[in-house]
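Participant: Below is the structure I would like to discuss, written out as structure tokens.
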Amino acid sequence: MTLQHDNATSHTTRSVCDFLQDRNVSVLPWPAKSPDLNPIEHVWDLLDRRVRDRARSVSVDLNNDASLLIDIPDALCERDKVKFTVHTKTTLSSFQKPDFSVPRQHEDFIWLHDTLVETEDYAGLIIPPAPPKPDFESPREKMHKLGEGEATMTKEEYTKMKQELEAEYLAVFKKTVQVHEVFLQRLSSHPILSKDRNFQIFLEYDQDLSVRRKNAKETFGSFFKNMVKSADEVIISGIKEVDDFFEQEKTFLLDYSSKIKDSTARAEKMTRSHKNVADDYIHISATLNSLSVDDNTKVEGRVASDEELKLTELLRYYMLDIQAAKDLLYRRARALADYENSNKALDKARLKSKDIAQAEEHQQQCLQKFDKLSESGKRELTSFKGRRVVAFRKNLIEMAELEIKHAKNNMALLQGCIELLKSN
Amino acid sequence: MNAYIAYKVSTRTTLPMFKNRTFSVWRRFSDFLGLYEKLSVKHSLNGCIIPPPPEKSIVGMTKVKVGKEDSSSADFVETRRAALERYLQRVVCHPSLLQDPDVREFLERDELPRAVGTHTLSGAGFLKMINRASDAVSKMTVKISDSDAWFDNKLQEVESEELQLRKLHAVVESLVNHRKELCGNTAVFAKSMAMLGNSEDNTALSRALSQLAEVEDKMETLHQEQAASDFFILAELLADYIRLLGAVRGCFEQRMKTWQRWQEAQSTLQKKREVEAKLLWANKPDKLQQAKEEITEWEGKVTQYERDFDRISVTVRKEFLRFEKEKSKDFKSQIVKYLESLLQSQQRLVKFWEAFLPEAKAIG
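Same order as they appear, the protein sequences are chains H and E. Using full-length UniProt numbering, the first residue of the first sequence is number 1, and each one after it goes up by one. Using full-length UniProt numbering, the first residue of the second sequence is number 1, and each one after it goes up by one.
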């Protein structure tokens, strides 16, 4: 029987060698520093990849319904613009083909989101928040600084920094693909929104969408609408709530949204400091290149970026989602206000005995709208709650597991270093 | 402001030259500088590497004197105390310096006369003197023996090492600062997590978020301790050695000066001989006598200076080798200590997150 193991100090101690010799186990002669020859290392790599792929989406696995499956398998980065390849697989007859892909830009996603928001019929729904604009500013700036400082660094240091930056760039890239994908998947899994005509156009239309996108004037228009809305919000929040459920929700959401906004900002700051520490370790290790402290830096850097991915992204996503829920509440409150106003108008009309029928009809319409909003609103908010809890659970577990994994890696490395130094 | 800080210096020894086995004295910072000055005056001309004391710090001391009750003054005093301790330990480690009666007096005597003029002679001041002197001294153009290549090489090594250490020190300082920043941000984040947990209406999630807040709080403490260890173990080590390398350079310069003196004596002797030859020709008997006396005098000087040079060369070489050995021992032990501190904090980190995991799993 032949045993294969590498030359780790725990493998080559006298006691182990004696043990193996006693049992007539021969050991395969092994060259130094050759993990690539060791078959088990490739298994770890495969496992790592699989786990990482699984840990991709922030929210729960949305691509459950086989009738409409969407993903973003590919994306290209050209200067400032990211081109996403949106791939759809569907069994629905409303689409022309069962399997197709289209190229889309970030602006197209925003257009889709805005049209959904402005659709009256969806006033009672929580529209998934629009994906944030891809932001390569930070790694690009760092890359620029690195280029300028190249002369002052050793070649090793420069290569290491460059590698880290490339990893950061890649992380930003992956993140932006992920949020855009999640946006589409939220839509496709929503019973009502998935049937939206504009959504279908987005998925299918194989020409450039820019003709259908907002022009500057319209963008301005919605900007002002938002301004007016926030002023209204102040008035609306003073309206007495008729339903306990909504009263509770309103209180909860207002409070929660400010807290989560705060947390997101703090988490961002924290992970940024963590990245700074990791960067410093790169510089240190480059100078102390006699010791193998360099691997430590990679782990520290990865801890920082994993932390960011899990925690910060989770918080950021839900911050936006809460905003969408708040918007729903706002629309409903508005409808309630309209209803109450229409009631008053009806009373006035009755008093004056003028235009009664008109006022009655208007009042009925308002009531209907309000009821519809309340009903779907209740549904949406309940499912939103459930989603949020599940997503938090998933991400908190993953984050804790990653922290533990990285810390254990770190410990192994450090112990190796210490032993090496002590034995010298 | 007459207030000053006194440091307690405790000694425990089995050496017979001391009166007792254990004893303590109180010293102020200027006393340490005074000791350094005395030792430099006596030993640096022999080529000894004299450990330099920590730097003077007007800002730091003023804060303390004004009685600022914050952590920065406490940090300053602690940093200085640790630095003074290392300084003394290096001094007594040195076999020749330990024999010096000034060192013994410093450790033993109850009251020391106030050291004056120490404002000019801090470690940096002495180094400045050395640097100015070295600019004036010309480089050796004639290789006297093979060992001079050795000295040249070593000096170059020292200079490049000093540069490396300075760079490293700057990065470690930045590490300390960033870690302190991380500390602050983690604390703030922990608070906001706690508030979020309070707002959350799902009880299990709320509890998990509060737990997360606690974990992050513990992380903050961890980061703080790590920052302290970064500083005290790593940064101070580097700072000490940057100063020590400066002292080593000073040594080499001393040797240069000795060689210079010898060369100058040789050329003076040559001139005197020429004068003698001229006088022989011109036949001036009384002046000739004087010239002969001067020649004898200078011959003596040349011999003595040559001997001085040889002696200092031997000392510098010995000192340097001792220094290298001490340095590698020091670095190794400090780096091991640092890595162990990193290891410990990772172990605690694992414990924190492992305690949190079941809470996260319990959500829903």
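Even glycine gets a Cβ: it sits at the ideal position worked out from N, Cα and C.
(1) Excluding the 5 residues preceding and the 5 following Ala265 (chain E) in the sequence, name in chain order all residues of the same chain whose CB lies nearer than 7 Å to its CB.
(2) Report the option in E:Gln346, E:Asn20 and E:Lys8 whose CA atom is closest to the CA atom of Glu225 (chain E).
(3) Alpha carbons only, please: which of E:Lys351, E:Phe18 and E:Glu253 is nearest the one belonging to Phe106 (chain E)?
(4) Mind listing which residues of the segment 243 to 267 of chain H have their C-beta closer than 7 Å to chain E's C-betas, in chain order?
(5) Reducing DSSP to helix, strand and coil, say where Gln105 (chain H) ends up.
(6) Listing by chain order, which chain E residues have their CB less than 9 Å from the CB of Ile397 (chain H)?
(7) With 8 Å as the threshold, decide whether the Cβ of Ser138 (chain H) is near any Cβ in chain E.
(8) At which residues does the alpha helix (DSSP H) containing Thr382 (chain H) begin and terminate?
(9) Please classify Glu380 (chain H) as buried or exposed, where buried requires at least 16 neighbouring CB atoms within 10 angstroms.
(10) Taking 8 Å as the threshold (C-beta atoms), are Trp353 (chain E) and Ile404 (chain H) in contact?
(11) Ignore the nearest five residues each way along the sequence and tell me which others in Arg86 (chain E)'s own chain have a CB closer than 7 Å to its CB.
(12) At 9 Å on the CB atoms, spell out the chain H contacts of Asp201 (chain E), in chain order.
(13) Considering only residues of the UniProt domain "PX" (1 to 114) of chain E, which uninterrupted alpha helix (DSSP H) runs meet the minimum length of 4 residues and lie entirely inside it, listed in chain order?
(14) Compare the beta carbon distance of Glu220 (chain E) and Ala187 (chain E) with 8 Å and say whether it is the shorter of the two.
(15) Quick check: is the beta carbon of Lys133 (chain H) nearer than 8 Å to any beta carbon in chain E?
(16) Could you check whether the Cβ of Glu361 (chain H) sits closer than 8 Å to any Cβ belonging to chain E?
(17) Could you tell me the boundaries of the alpha helix (DSSP H) in which Thr268 (chain E) lies?
(18) Since residue 425 (chain H) and Ser199 (chain E) should fall inside the 8 Å C-beta cutoff, what is the C-beta to C-beta distance between them, to a whole number of angstroms?
(19) Check whether chain E comes within 8 Å of Gln415 (chain H), counting only Cβ atoms and requiring the distance to be less than that.
(20) Does residue 426 (chain H) get closer than 8 Å to chain E when you measure Cβ to Cβ?
(21) Anything in chain C within Cβ reach of Ala208 (chain E), meaning under 7 Å, just list it in chain order.
(22) Mind reading off the beta-carbon distance from Glu319 (chain E) to Ile49 (chain E)? Whole number of angstroms is fine, and I expect it under 8 Å.
(23) Measuring only between beta-carbons, confirm whether Arg393 (chain H) sits less than 8 Å from chain E.
(24) Could you tell me the boundaries of the alpha helix (DSSP H) in which Thr85 (chain H) lies?
(25) For residue 371 (chain E) and chain H, any beta-carbon pair shorter than 8 Å?
(26) Determine contact between the segment 67 to 76 of chain H and the segment 84 to 94 of chain H, defined as no fewer than three beta-carbon pairs at a distance below 8 Å.
(27) When Cβ atoms are compared, which residues of the segment 173 to 188 of chain E fall closer than 7 Å to chain H?
(28) Locate the alpha helix (DSSP H) running through Pro139 (chain H), then write down its first and last residues.
(29) Over the uninterrupted beta strand (DSSP E) stretch that includes Asp230 (chain E), give me the two end residues.
(30) Here's the rule I'm using: 16 or more other beta-carbon atoms within 10 Å means buried, otherwise exposed. How should Pro128 (chain H) be labelled?
(31) At a Cβ cut of 7 Å, what residues of the UniProt domain "PX" (62 to 209) of chain H count as close to chain E, listed as they run along the chain?
(32) Would the beta-carbon of Lys372 (chain H) fall within 8 Å of that of Gly147 (chain H)?
(33) Starting from Ala355 (chain E), follow the alpha helix (DSSP H) in both directions and report where the run begins and ends.
(34) So that I know if they touch, is there some Cβ in chain E lying closer than 8 Å to that of Leu381 (chain H)?
(35) Check whether the Cβ atoms of Leu357 (chain E) and Ile397 (chain H) sit closer than 8 Å, and answer yes or no.
Facilitator: The relevant details are as follows:
(1) Taking the second sequence and counting its residues from 1, the one referred to as residue 265 (chain E) is at position 265. Correct list, in chain order: Trp298, Lys301, Val302 and Tyr305.
(2) Mapped onto the second sequence, residue 225 (chain E) falls at position 225. Looking at the Cα atoms, E:Gln346 is the closest of the given residues.
(3) The residue given as residue 106 (chain E) occupies position 106 in the second sequence. Among E:Lys351, E:Phe18 and E:Glu253, the Cα nearest to that of Phe106 (chain E) is on E:Phe18.
(4) Phe252, Asp255, Tyr256, Lys259, Ile260, Asp262, Ser263, Arg266 and Ala267
(5) Position 105 of the first sequence holds residue 105 (chain H). Gln105 (chain H) falls in the strand class under three-state DSSP.
(6) By one-based count along the first sequence, residue 397 (chain H) stands at place 397. Chain E residues near Ile397 (chain H): Leu357, Ala360, Lys361 and Ile363.
(7) Start at 1 with the first residue of the first sequence, and residue 138 (chain H) comes out as number 138. With 8 Å as the cut-off, Ser138 (chain H) does not count as an interface residue toward chain E.
(8) Numbered from 1 along the first sequence, position 382 holds the residue referred to as residue 382 (chain H). Start and end: Ile356 to Ser423.
(9) Residue numbering aside, residue 380 (chain H) sits at position 380 when the first sequence is read from its first letter. Its Cβ being crowded by 16 or more others within 10 Å, Glu380 (chain H) is buried.
(10) As a first step, residue 404 (chain H) must be located in the first sequence, where it is residue number 404. As a first step, residue 353 (chain E) must be located in the second sequence, where it is residue number 353. The answer is yes: Cβ separation under 8 Å.
(11) Stepping through the second sequence from its first residue, residue 86 (chain E) is reached at position 86. Contacts found: Asp240.
(12) The count along the second sequence starts at 1 and reaches residue 201 (chain E) at position 201. Here the neighbours are Gln248, Phe252, Tyr256 and Lys385.
(13) 29 to 43, 58 to 66, 71 to 93, 95 to 98 and 101 to 108
(14) Against the second sequence, residue 220 (chain E) aligns to sequence position 220. Against the second sequence, residue 187 (chain E) aligns to sequence position 187. Yes, Cβ-Cβ distance for Glu220 (chain E) and Ala187 (chain E) is below 8 Å.
(15) Walking along the first sequence from the start, residue 133 (chain H) turns up at place 133. No, Lys133 (chain H) lies away from the interface with chain E (no Cβ there is under 8 Å from its Cβ).
(16) Indexing the first sequence from 1 puts residue 361 (chain H) at position 361. Chain E contact via Cβ: absent.
(17) The residue given as residue 268 (chain E) occupies position 268 in the second sequence. Per DSSP, Thr268 (chain E) belongs to the alpha helix (DSSP H) from Glu236 to Ala282.
(18) A query on residue 425 (chain H) cannot be resolved here, the shown segment of chain H reaching from 1 to 424 and no further.
(19) Reading the first sequence from its first residue, position 415 is the one you call residue 415 (chain H). So, interface residue.
(20) Given a span of 1 to 424 for chain H in the structure shown, any question on residue 426 (chain H) remains unanswerable.
(21) Reference to chain C is not applicable here, since the protein chains of this structure are H and E.
(22) The residue labelled residue 319 (chain E) in the question sits at position 319 within the second sequence. The residue labelled residue 49 (chain E) in the question sits at position 49 within the second sequence. Going by Cβ atoms, the distance from Glu319 (chain E) to Ile49 (chain E) rounds to 5 Å, so yes, they are a contact pair.
(23) The residue given as residue 393 (chain H) occupies position 393 in the first sequence. So yes, Arg393 (chain H) belongs to the interface.
(24) As a first step, residue 85 (chain H) is located in the first sequence; it is residue number 85 there, counting from the start. Element bounds for Thr85 (chain H): not the alpha helix (DSSP H) but the beta strand (DSSP E), Lys81 to Thr90.
(25) The first residue shown for chain E is 1 and the last is 364, placing residue 371 (chain E) beyond what the model contains.
(26) yes
(27) Ser174, Leu175, His178, Arg179, Glu181, Leu182, Asn185, Thr186 and Val188
(28) Counting from 1 along the first sequence, the entry for residue 139 (chain H) is found at position 139. That run of the alpha helix (DSSP H) goes Glu137 to Glu148.
(29) Position 230 of the second sequence, counted from the start, is the residue given in the question as residue 230 (chain E). Per DSSP, Asp230 (chain E) belongs to no beta strand (DSSP E) and is neither H nor E.
(30) Within the first sequence, residue 128 (chain H) is the residue found at index 128, counting from 1. Counting Cβ neighbours within 10 Å, Pro128 (chain H) comes out buried, since at least 16 surround it.
(31) none
(32) Residue numbering aside, residue 372 (chain H) sits at position 372 when the first sequence is read from its first letter. Residue numbering aside, residue 147 (chain H) sits at position 147 when the first sequence is read from its first letter. Contact: no.
(33) Indexing the second sequence from 1 puts residue 355 (chain E) at position 355. Segment Pro285 to Lys361, the alpha helix (DSSP H) holding Ala355 (chain E).
(34) Taking the first residue of the first sequence as 1, we reach residue 381 (chain H) at position 381. Answer no: the Cβ-Cβ gap between Leu381 (chain H) and chain E never drops below 8 Å.
(35) Residue 357 (chain E) sits at position 357 when you count from the first residue of the second sequence. Residue 397 (chain H) sits at position 397 when you count from the first residue of the first sequence. The answer is yes: Cβ separation under 8 Å.
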